[in-house]
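Student: In terms of my numbering, the sequence shown opens at residue 2 and continues consecutively.
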Amino acid sequence: MEQRNSSQDRIEAAVFRRLVSHLRTRSDVQNIDLMNLAGFCRNCLSKWYVSASADEGEAIEYEEARKLIYGIGYHEWKVKYQTEPTVEQLEEFERRTHRTK
């Protein structure tokens, strides 16, 4: 395991905050698009947040982590920003999902 230092931790934390901020401003980018292009989405970040929090002994609930990532409650975000996926998006998701199993 690599040795960590506080400067690296601060930089990585700043990068994470910038990524989350960017995703909040780009609500036009759907989670299925992120999954199809990058293999992760806002929900994945939320799950990773829950896992990392537990590793640090500060467990939080999944919905709380989602609110931290989305900037608002998940269900509110879905109502405001989520669109129905296209047939093409769903086919690509299925293709990529089955390829990684």
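For glycine and all other residues, C-beta sits at the position ideal for the given N, C-alpha and C. None of the values given here were measured: they were computed from a predicted structure.
Suppose contacts are defined by Cβ-Cβ distances below 8 angstroms. Is Asn-32 in contact with Glu-93 by that definition?
Tutor: Contact: no.
Student: Helix, strand or coil for Ile-73 per DSSP?
Tutor: Looking at Ile-73 - three-state DSSP - the assignment turns out to be coil, as it is neither helix nor strand.
Student: Tell me where the alpha helix (DSSP H) around Cys-42 begins and ends.
Tutor: Careful: Cys-42 lies outside any alpha helix (DSSP H) and carries neither H nor E.
Student: Provide the residue span of the alpha helix (DSSP H) that contains Arg-5, from first to last.
Tutor: First-last for Arg-5: undefined, no H or E at that position.
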